[in-house]
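The listed protein sequences correspond, in order, to chains A and B.
One point on numbering: in numbering that gives the first Met the number 0, the residue at position 213 of the first sequence is 212, and numbering is uninterrupted.
One point on numbering: in numbering that gives the first Met the number 0, the residue at position 324 of the second sequence is 323, and numbering is uninterrupted.
Notes to accompany the following structure.
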Amino acid sequence: MNARSKKYVRRFLIALSLVFVGLFLVLPLVFVFTEAFSDGISAYLEYISDTYTQRALLLTVEATLIAVVVNTFFGLFAAWVLTRYRFPGQKLLTTMIDIPLSVSPVIAGLIYILCFGRSSPLYGFILRCGTPVVFAVPGIVLCTIFVTFPFISRELIPVLNARGTDEEQAAALLGAGGWTIFRRITLPHIKWPLLYGIILCTARAMGEFGAVSVISGRLRGLTNTLPLHIEILYNEFKYAPAFAVASVLVVMAVVLLLIRCIVEYQGRKKEQ
Amino acid sequence: MYVELRNINKRFDKVVAADQLSFGIERGKLVALLGPSGSGKTTILRMIAGLETPDSGSIIIDGQVVNDIEPSQRGIGFVFQNYALFRYMSVYDNIAFGLKVQKKSREEIRSRVRELLCLTGLEGLENRYPNQLSGGQRQRVAFARALAPRPQLLLLDEPFAAIDAKVRQELRSWLKQMIGQLGITSIFVTHDQDEAVEVADEIILTNAGRMEQKGSPLEIYKNPASSFVARFIGVSSVINDYHSLRGFEQVGNFAQAVVRPEFVEAFKADNSKFHHLLDVSEDAVIEDIAFRGSYLELKLRIGQILLTTNRSLERRPVCKGEHLRVLIYRMYLFDADQALLLENSLLKDRDIMDF
Chain A
0 MNARSKKYVR RFLIALSLVF VGLFLVLPLV FVFTEAFSDG ISAYLEYISD
50 TYTQRALLLT VEATLIAVVV NTFFGLFAAW VLTRYRFPGQ KLLTTMIDIP
100 LSVSPVIAGL IYILCFGRSS PLYGFILRCG TPVVFAVPGI VLCTIFVTFP
150 FISRELIPVL NARGTDEEQA AALLGAGGWT IFRRITLPHI KWPLLYGIIL
200 CTARAMGEFG AVSVISGRLR GLTNTLPLHI EILYNEFKYA PAFAVASVLV
250 VMAVVLLLIR CIVEYQGRKK EQ
Chain B
0 MYVELRNINK RFDKVVAADQ LSFGIERGKL VALLGPSGSG KTTILRMIAG
50 LETPDSGSII IDGQVVNDIE PSQRGIGFVF QNYALFRYMS VYDNIAFGLK
100 VQKKSREEIR SRVRELLCLT GLEGLENRYP NQLSGGQRQR VAFARALAPR
150 PQLLLLDEPF AAIDAKVRQE LRSWLKQMIG QLGITSIFVT HDQDEAVEVA
200 DEIILTNAGR MEQKGSPLEI YKNPASSFVA RFIGVSSVIN DYHSLRGFEQ
250 VGNFAQAVVR PEFVEAFKAD NSKFHHLLDV SEDAVIEDIA FRGSYLELKL
300 RIGQILLTTN RSLERRPVCK GEHLRVLIYR MYLFDADQAL LLENSLLKDR
350 DIMDF
C-alpha cells in the first residue's frame, strides 16, 4: 500500500469513528439536555430540586458510597490473596469474582429476593434482626455491591502479578511485618490502579438499574434511586422532569470521567 | 560451622532443587554456590533465607535450627538478582528501610546510612530514585540496603548477572574487597565459574540438587572430585583415545579425559627452548585460530584428537594449516562418577621449567 492510500485509509477510519461516536453517544446526550431544558431554566431547577428527586439522589449516593467502600476492601484483599498466595481453588475464586460481569443484573436482583424475601428460610431471621432486606435500602446496597464487586480487584490483579514479589520479599528480609510491607511497598505501587478501580466502581454503582429495580420495590422517597426515579417519571409521561433528572446523572458521570482522566494522567506521569 | 544444611530435599513438580543436600560454611568465609543454570542453587539460597521451605531436612544458622523462623527474624541480608530496590523510595530511604523497621533513632539511622553511602561510594546519590541509577550503582544500593541492619550472614543471588561485562569485572573485585573488610559470612550464587574462582574463598559446586564438590578454587581446579567437576571448571576439550597420546597409558576403566588449554604446550619444531623435549612431543596441525583479545586460541588436531590451547601474542605468529609440536603436561581422566589427575609419564624427570 502506498503512502497516499494509507493516508486515505487513516482519514476514513478516523471519520468513521467520529461519526459513530457522534451518532450513538453525543447526539443522545445533546437530546437529554435539550429535552431537560425544554421548559426553561427555572422549570429545570424546580424539577431537580423536587423532594423525591433529592431523596433519590441521596439514596443513590448512599448506596454508591457503601458499595465503593466495601468493594475497595474486598478488592484489595481478593487481589492480594490471589496474587500473593498459592492455594487449591485459586482459579475457581478468580472466576467467581468475575461472575457479576457475566450475569445479568436482573438475575442478581432475583437471587437476593429468593435469598432474603418472604419465601426464603432466612426470612424469619431477617425479620428478627429488625430490618427487611427486600424492598428496602439494605437490598439496594447489597445489589449495588454485587454488581460492582469485580471492578477493583480486576484493576489490581494484573498490576500485582506483573510486579512480582521481590520487593515485598526484600522488605520482609529486612525485618518488616505484613502491615509495613503493605503500606510502604505495595500500596505506593497500586495507588493509581486502585484509584482508577474506585472511580470505575463508583460510576457503575451510580448508574445501576437492573438489579436494584428488581429488589427496590420503587417506594418513592424511600427505595427509589436516581435511575429508577427517571424511569418512573418517564413512564408517567413527565418527559421534561425525567430528562432533567437524567441530566444530573449525566453530569455526575462526566465529572467522574474527568477525574478518571486526571488520575490516569497523574498515574502515567508518576510511572515515568 | 556457621551455616549448615542437613539432608535438605526440595522439589518443584519435576525439578529437583535439592536432593539429600548437606554442607557447612565456616564463619567469615565468602562462599560461591556454583552450578549450571537450573541446578537449584538459587533455591538453596532462598531456603537459607527462608523464602522457600525445604520439603525435609534442617537448616542451621549459628547453632540454631531456623526452619520455623520467619525470614524477617533470621537476621540475613539478601541481595536479589534484579536487586528488588524499592522503586518508590530514594536511595537514602532504601538503605534506611531496615533500620526504620527496627525503630532505630533518627540520629542512628542517619549516621549508619552515611557510613554505608561512604562505604559503597554512593555519596551524593542519596536523593536519586532507583530508576535514575546505573546497573552498578543499583547493585551497590542493594548491597548497602542489605548490610544496613548489620546482618550476620549475607546472601547474594547472581550479584553480577544484570551488569555489563566491563563494570562486572570492577564490581567483582570491589565486592570481594568489601566483604573481606567487613568480615561478614557471605554466600553468593553464580553460574559463572570465572566469577566463582575469582571472588570466592571457597566454592560449593552443585548439580541437579546435589553437591559435587566443596573446596578452595585451587583445590577444585587441581583435584576435581567427579567427572562433572572436571568438565565444568575451566574451558576443556573432552577426548576419547587419551592412551594413544605419548606419555599416557590406559588407567583402569577410564574411557575419557579432559584436557585444558593450559595443559597443552604448542611450539614450532625449531624452537630451541623446547629442543630437548622434541622427542616426547606430538605432531599437530592447526585447524583454527581465534583472536581472543589478549591471546590467540588455537584448535589443534593430533590424529583423531582435537585440543585447544592459548598462545601469547608475544610469540612468533602461526597460521592455519601449519604443523606444530605439542606437549601435553597432564589431563583429567574421568568416568561416570569419578575423576583422576594423570601426569605425562615421559616428562617425569625432564626439566620443563626452563621455559
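Beta carbons: idealized from backbone N, C-alpha and C, even for Gly.
Everything numeric in this text was worked out from a predicted model, so none of it was measured.
- Positions of the beta strand (DSSP E) runs, each at least 3 residues long and wholly inside the region 102-134 of chain B, cannot be given because no such run exists.
- Within chain B, the residues Phe79, Asn81, Ala83 have their CB atoms less than 7 Å from the CB of Asp165/A, given in chain order.
- Between Ala256/B and Tyr331/B, the beta carbon gap of about 6 Å places them in contact (Cβ cut-off 8 Å).
- Taken in chain order, the whole beta strand (DSSP E) runs of length 3 or more contained in the region 294-347 of chain B are 294-301, 304-311, 322-327, 329-333, 338-342.
- DSSP places Ile288/B in the strand class (E or B) of the three-state scheme.
- Judged by DSSP secondary structure, Leu44/A falls within the alpha helix (DSSP H) whose first and last residues are 40-47.
- An exposed status is given to Gln63/B, since fewer than 16 other beta-carbon atoms sit within 10 Å of its beta-carbon.
- The region 53-60 of chain B and the region 257-265 of chain A do not touch, with fewer than 3 CB-CB distances between them shorter than 8 Å.
- By the neighbour-count definition (other C-beta atoms within 10 Å, threshold 16), Arg315/B is an exposed residue.
- DSSP places Gln19/B in the uninterrupted beta strand (DSSP E) bounded by 14-24.
- Looking at the DSSP output, Gln255/B shares a beta bridge with Phe333/B.
- In this chain, the alpha helix (DSSP H) harbouring Asn160/A covers 149-162.
- Membership of Arg209/B in the beta strand (DSSP E) is indicated by the continuous run 209-214.
- Between the alpha carbons of Ala147/B and Ser36/B lies a distance of about 30 Å.
- With fewer than three CB-CB distances shorter than 8 Å, the region 127-142 of chain A does not count as touching the region 41-53 of chain A.
- Looking only at Trp178/A, Tyr122/A, Thr59/A, the smallest Cα-Cα distance to Thr224/A is reached by Thr59/A.
- Within chain B, the residues Gly49, Leu50, Glu69, Pro70, Ser71 have their CB atoms less than 9 Å from the CB of Ala171/A, given in chain order.
- Between the alpha carbons of Tyr128/B and Tyr87/B lies a distance of about 7 Å.
- Ranking Asn6/B, Phe11/B, Asp18/B, Gly27/B by CA distance to the CA of Gly179/B puts Gly27/B first.
- In the three-state DSSP reduction, Leu153/B falls in the strand class (E or B).
- Here Lys40/B is buried: its Cβ has 16 or more other Cβ atoms, across all protein chains shown, within 10 Å.
- About 38 Å separates the beta carbons of Arg245/B and Val198/B, which is beyond the 8 Å limit, so they are not a contact pair.
- For Glu235/A, the secondary structure class from DSSP, reduced to helix, strand or coil, is coil.
- Pairing Ser152/A with Ala77/A gives a Cβ-Cβ distance under 8 Å.
- The bridge partners DSSP lists for Ala195/B come to none.
- When the five nearest sequence neighbours on each side are left out, the beta carbons in the same chain lying within less than 7 Å of the beta carbon of Ser246/A are those of Val31, Phe32, Ala35, in order along the chain.
- At a beta-carbon threshold of 8 Å, the residues of chain B lying near Pro187/A are Tyr87, ordered along the chain.
- Any Cβ of chain A closer than 8 Å to the Cβ of Gly134/B would place that residue at the interface, and such an atom is absent.
- Looking at the DSSP output, Val263/B shares a beta bridge with Ile327/B.
- The closest CA to that of Gln72/B, considering only Thr94/A, Trp79/A, Ala175/A, Ala204/A, is found on Ala175/A.
- At least one beta carbon of chain B lies nearer than 8 Å to the beta carbon of Ala175/A.
- In the three-state DSSP reduction, Asn206/B falls in the strand class (E or B).
- For the set Leu248/A, Gly123/A, Gly108/A, Phe242/A, the Cα lying nearest the Cα of Ser215/A is the one of Gly108/A.
- Cys142/A is classed as buried because its beta carbon has at least 16 other beta carbons within 10 Å across all chains shown.
- Contact with chain B is found for Thr179/A, since one of that chain's Cβ atoms lies less than 8 Å from the residue's Cβ.
- Assignment of Gln168/A by DSSP, reduced to helix, strand and coil, places it in the helix class.
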